[in-house]
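Those sequence lines, one after another, are chains E and D.
Residue 575, in numbering that gives the first Met the number 0, is where the first sequence stops; the numbers in between run on with no holes.
Residue 94, in numbering that gives the first Met the number 0, is where the second sequence stops; the numbers in between run on with no holes.
By construction, the Cβ of each residue, glycine as well, lies at the ideal position given by its N, Cα and C atoms.
Keep in mind it's a predicted model, so treat the numbers as computed, not measured.
Report on the following structure.
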Amino acid sequence: MNFATSPVLELNLPVWRSRLLLLALFSGFAVLAGRAVYLQGLHNDFLQAKGESRYGRVIEISANRGRITDRNGEMLAVSTPVKSIWAIPDEVQLTQAQLDKLAALLEMPPKEISKRLGDSSRDFVFIKRQVSPEVADRVTEMHLRGLFQNREYRRYYPGGEVMAHMLGFTGAEDAGQEGIELAFQNHLAGKPGSRRVIRDRLGQIVEDVESIRAAQEGKDLALALDARIQSLAFSQLKNAILQHRAKAGGIVVLDVASGEVLALANYPTYNPNNRARLSGEQLRNRAVTDTFEPGSTLKPFTVAAALESGRVTPQTAIQTAPGSLTIGRATIRDAHAEGQLSVEQVIQKSSNVGAAKIALSLPAESMWNMFQSVGFGTVPHLGYPGEASGRVRPYKSWRPIEQATMSYGHGISVSLIQLARAYGIFARDGELLPLSFRRTDAPSVPQAVISPATARMVRHMLELAVQNDGTAPRARIMGYRVAGKTGTAHKEEHGVYAAHKYISSFAGFAPASNPRLVIAVMIDEPSNGQYYGGVVAAPVFARVMEGALRLLSVAPDAPMKPIELPPEGKEVKESV
Amino acid sequence: MVRLNLLLLAVLTVCALGLVAAQHKARKLFVEIEEGQERARNLEVEYGQLQLEASTWAMHTRVQRIASQTLHMRVPESGRIQVVPRSSATGTVKP
């Protein structure tokens, strides 16, 4: 058979047919090329985004809130991750058994859960927040539709009520709301970051594409606080308040050398781990945010101003007989008439008449300067929320009776932390230190307020005040020399002094030979019969000082002999 | 000419396969590092929780309670305290 000759090949077709076919094929190619250009070149942003959304994910990098520790590294506040369980009500279908099991796991009444899920107008409800990870895992194992979990943080305070006012607390979003948590919010808070990654079919991250924002872990914060001294101070304060059926109280312990706040406690207090029912009474950090009329604890400052002016020496005689002093229409009284007293004895016996006479011998301006320079009337600038400035009226508006009453701490108000800081000038040879809530390694720059000689003279007077013929023998402790001053003041209510409501206070330091700690104690409305600062506040000072000096291994500067208190009824009562 | 081209094709194929293998290995290592980091984070969290627990057990009030109630410890009386002054220390008083 001859294949070379085929009748088909001999057909004579018109040329246009092959041209047409060629054209059709090429236009087909052109369409493909055009489409390719469109997809690859012009439309590729959209397509790339689509593609990336299949495998690319932006994930959040969580950042922890910094921990708060005391000066020795003991944990005071730690954030740990917990879960919040939320639901889309429309999607949830629970059988009664499932509901009961869920309720038991979450420790909630089943009714409460059904009520939350019944609200189908919302597409997001929290079932429970701050669930522990273990419980959350067991909820996950139930495989319930429409129930989801989010990671969040919860802050724990192992110290509980003991440190509550100092530390404050954080809200649901882990942001500081009170106390140190609020004051150092920027330092403690972490900034969550995010990054873009590629995930494979199994959900594993296989490649880091880019870091959008680096996460910033919150920084840890070491406080000046000493947890041991803090609990000692708190328990002694609490005991005293319960014993004297007082309304409230506060205590501040300062390090004389560095100005660090070693302890700060208030009562009533609250448990920061369980803040279900809180009243303003419990929340207030009285030692910092409340002011009170300090009473006789202010007398040393009047005397210091007088000594500085050179008008008196510790031995200058002041006539306090007959135990009262009338200025205009007002009369200042002493608890009992003492007769001729030296300036030293005015402090020791806490004579109002003596202090008033010393004050009246001074120009108002120099007394005002003294109060101002030790920080009364100005905000202490500790960075703590709600610090009180106290009230010291400008000296130009003082009348003589006001100048006289201010000399023994009436008509002037201070906060407890201001009082403690001001006593530092007697403990430190006349220098006033800035306070610090944080542990500091570099000592801050002190500011000289009175001369070292005056400071030593007042320190000696304060030591006399705790002897048996002073007002505060109960402030003494075994093995150490103590210096300090009591205060008992009528409480001001609605502009008048309440007859039977008092504020008892004590401020002092030890060891007197080389002071290490300043402690100020304030007890509000002791109402169990006793109200003198020497009986109510001084023992708290003594117990806390004794324990704190032992904890800090401070060498004793007095013989280890038991303290002999004056016989019952023979104690020197201070003037109120 | 043909031989050179064939050689180049072979080299190209080997390179391409090498790239695939390297990419795969890189991803596997990356998954490992991710797992490691996740573990480090979890350990960090656990460390925090353990510190919290340690702190709770070591709370001063609890130690005090156990010392005084369970172990019957107390501060010695004045007569039983002996102060030993350091040879260099000043201001200490002999008992």
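Quiz item: How would you label A452/E, buried or exposed, when you count the other beta carbons within 10 angstroms and need 16 or more for buried?
Solution: Locating residue 452/E in the first sequence gives position 453, where the first residue counts as 1. Flag for A452/E reads exposed.
Quiz item: If you draw a straight line from the C-alpha of V251/E to the C-alpha of I326/E, how long is it?
Solution: Along the first sequence, read from residue 1 onward, the residue named residue 251/E stands at position 252. Along the first sequence, read from residue 1 onward, the residue named residue 326/E stands at position 327. Approximately 36 Å, taken between the alpha carbons.
Self-check item: Euclidean distance between Cα positions of A35/E and F45/E
Solution: Numbered from 1 along the first sequence, position 36 holds the residue referred to as residue 35/E. Numbered from 1 along the first sequence, position 46 holds the residue referred to as residue 45/E. Distance between the alpha carbons of A35/E and F45/E is about 15 Å.
Practice problem: Go ahead and pull the three-state DSSP assignment for T453/E. | Solution: Taking the first residue of the first sequence as position 1, residue 453/E is located at position 454. Note: T453/E maps to helix in three-state DSSP.
Practice problem: Report yes if the C-beta distance between I112/E and L101/E is below 8 Å; otherwise report no. | Solution: Counting from 1 along the first sequence, the entry for residue 112/E is found at position 113. Counting from 1 along the first sequence, the entry for residue 101/E is found at position 102. It is a contact, given that the beta carbons lie within the stated cut-off.
Quiz item: Along the chain, where does the beta strand (DSSP E) that runs through D523/E open and close?
Solution: In the first sequence, counting from the first residue as 1, residue 523/E sits at position 524. Note, D523/E: beta strand (DSSP E), 516-523.
Quiz prompt | Unbroken alpha helix (DSSP H) run spanning Q404/E, endpoints | solution = In the first sequence, counting from the first residue as 1, residue 404/E sits at position 405. One point to set straight first is that residue 404/E is Thr, not Gln, in the sequence displayed. Note, T404/E: alpha helix (DSSP H), 399-406.
Practice problem: Please name the residue, chosen from E206/E, T487/E, G374/E, that lies closest to Y54/E on a Cα-to-Cα basis. | Solution: Here the question's residue 54/E lines up with position 55 in the first sequence. Checked all of E206/E, T487/E, G374/E; the closest Cα to Y54/E is E206/E.
Quiz item: What span of residues does the alpha helix (DSSP H) with I240/E cover, start to end?
Solution: If you number the first sequence from 1, residue 240/E lands on position 241. From DSSP, the alpha helix (DSSP H) with I240/E extends over 226-242.
Quiz item: Which residues, in chain order, does the region 64-87 of chain E contribute to contact with chain D at a C-beta distance below 8 Å?
Solution: R66, E73, M74, L75, V77, S78, T79, P80
Quiz prompt | Bounding residues of the beta strand (DSSP E) (the contiguous stretch that carries V124/E) | solution = Translated into positions along the first sequence, residue 124/E becomes position 125. Per DSSP, V124/E belongs to the beta strand (DSSP E) from 124-130.
Practice problem: Check whether the Cβ of I65/D lies closer than 8 Å to any Cβ atom in chain A. | Solution: This model lacks chain A altogether, as its protein chains are E and D.
Quiz item: How many angstroms separate the CA atom of I204/E from the CA atom of T139/E?
Solution: On the first sequence, residue 204/E is found 205 positions in, with the first residue counted as 1. On the first sequence, residue 139/E is found 140 positions in, with the first residue counted as 1. Taking the straight line joining both Cα atoms gives about 22 Å.
Quiz item: Among F168/E, I416/E, L340/E, L31/E, which residue has its Cα nearest to the Cα of R274/E?
Solution: Working through the first sequence from its first residue, we reach residue 274/E at position 275. Of F168/E, I416/E, L340/E, L31/E, the residue nearest in Cα terms is F168/E.
Quiz item: Nearest to M477/E by alpha carbon, out of M559/E, L220/E, A163/E?
Solution: The count along the first sequence starts at 1 and reaches residue 477/E at position 478. Comparing Cα-Cα distances from M477/E to each of M559/E, L220/E, A163/E, the minimum goes to M559/E.
Quiz item: Per DSSP, what kind of secondary structure is R56/E in: helix, strand or coil?
Solution: Translated into positions along the first sequence, residue 56/E becomes position 57. Three-state result, R56/E: strand.
Quiz prompt | Interface residues of chain E facing L51/D [CB-CB closer than 8 Å] | solution = Along the second sequence, one-based indexing puts residue 51/D at 52. Within chain E, the residues near L51/D are M74, V77, T79, Y155, P157.
Exercise. Have a look at N351/E, T315/E, V302/E and flag the residue whose alpha-carbon is nearest the alpha-carbon of S323/E.
Key: If you number the first sequence from 1, residue 323/E lands on position 324. The residue with the shortest Cα to Cα distance from S323/E is N351/E.
Exercise. Quick one: list the residues of chain D neighbouring R227/E, beta-carbon separation under 7 Å, in chain order.
Key: Here residue 227/E is taken as the residue at index 228 of the first sequence, counted from 1. Correct list: H59.
Quiz item: Going by DSSP, which residues form a beta bridge with M559/E?
Solution: Stepping through the first sequence from its first residue, residue 559/E is reached at position 560. Answer is none; M559/E lacks a bridge partner.
Self-check item: Rounded straight-line distance, which links the Cα of V260/E to that of P514/E
Solution: The count along the first sequence starts at 1 and reaches residue 514/E at position 515. The count along the first sequence starts at 1 and reaches residue 260/E at position 261. Spanning the two alpha carbons is a distance of roughly 15 Å.
Quiz item: How many angstroms separate the CA atom of I522/E from the CA atom of Y479/E?
Solution: Along the first sequence, read from residue 1 onward, the residue named residue 522/E stands at position 523. Along the first sequence, read from residue 1 onward, the residue named residue 479/E stands at position 480. When rounded, the distance between both Cα atoms is 24 Å.
Exercise. Would you kindly work out how many angstroms separate the C-alpha atoms of D468/E and Y152/E, rounded to a whole number?
Key: Along the first sequence, read from residue 1 onward, the residue named residue 468/E stands at position 469. Along the first sequence, read from residue 1 onward, the residue named residue 152/E stands at position 153. Between D468/E and Y152/E, the C-alpha separation is close to 58 Å.
Self-check item: Per-residue burial, A174/E [other beta carbons within 10 Å of its own, 16 or more giving buried]
Solution: Mapped onto the first sequence, residue 174/E falls at position 175. Exposed: under 16 other Cβ atoms inside 10 Å.
Quiz prompt | DSSP-derived helix/strand/coil call for N273/E | solution = For the purposes of this step, residue 273/E is taken as the residue at position 274 of the first sequence. Three-state DSSP puts N273/E in coil, outside helix and strand.
Exercise. Could you work out which residues of chain D lie near I204/E, taking near to mean beta carbons separated by less than 8 Å?
Key: Taking the first sequence and counting its residues from 1, one reaches residue 204/E at position 205. By Cβ distance, chain D contributes F29, V30, E33.
Self-check item: With 16 other Cβ atoms within 10 Å as the buried cut-off, status of L393/E
Solution: The residue given as residue 393/E occupies position 394 in the first sequence. In the sequence under discussion, the amino acid at residue 393/E is Pro, which differs from the Leu named in the question. Under this definition P393/E is an exposed residue.
Self-check item: Check whether L224/E and G65/E have beta carbons under 8 Å apart
Solution: The residue you call residue 224/E lines up with position 225 of the first sequence. The residue you call residue 65/E lines up with position 66 of the first sequence. No, these two residues do not count as a Cβ contact at 8 Å.
Practice problem: With DSSP as the reference, label R85/D as helix, strand or coil. | Solution: On the second sequence, position 86 is the one that residue 85/D refers to. The answer is coil: DSSP assigns R85/D none of H, G, I, E or B.
Self-check item: Exposed unless 16 or more other CB atoms sit within 10 angstroms - verdict on W367/E
Solution: Your numbering for residue 367/E matches position 368 in the first sequence. Answer is buried; the Cβ neighbour count reaches 16.
Practice problem: Take every Cβ of the region 262-272 of chain E, pair it with every Cβ of the region 427-434 of chain E, and state whether three or more of those distances are shorter than 8 Å. | Solution: no
Quiz prompt | Chain-order list of residues whose beta-carbon lies under 6 Å from that of A363/E (same chain, five-residue window excluded) | solution = Looking up residue 363/E in the first sequence gives position 364. Here the set comprises Y394, W397, Q402.
Quiz item: Would you report the Cα separation of I502/E and A213/E, rounded to the nearest angstrom?
Solution: One-based indexing of the first sequence puts residue 502/E at position 503. One-based indexing of the first sequence puts residue 213/E at position 214. C-alpha separation (whole angstroms): 53 Å.
Self-check item: Strand pairing of H489/E, partner residues [DSSP]
Solution: Mapped onto the first sequence, residue 489/E falls at position 490. Answer is Y501/E, bridged to H489/E.
Quiz item: Roughly how many whole angstroms lie between the Cα atoms of G47/D and T79/E?
Solution: Numbered from 1 along the second sequence, position 48 holds the residue referred to as residue 47/D. Numbered from 1 along the first sequence, position 80 holds the residue referred to as residue 79/E. Near 7 Å, if we compare the C-alpha coordinates of T79/E and G47/D.
Quiz item: In this structure, does DSSP put G47/D in helix, strand or coil?
Solution: Within the second sequence, residue 47/D is the residue found at index 48, counting from 1. Three-state DSSP puts G47/D in a helix.
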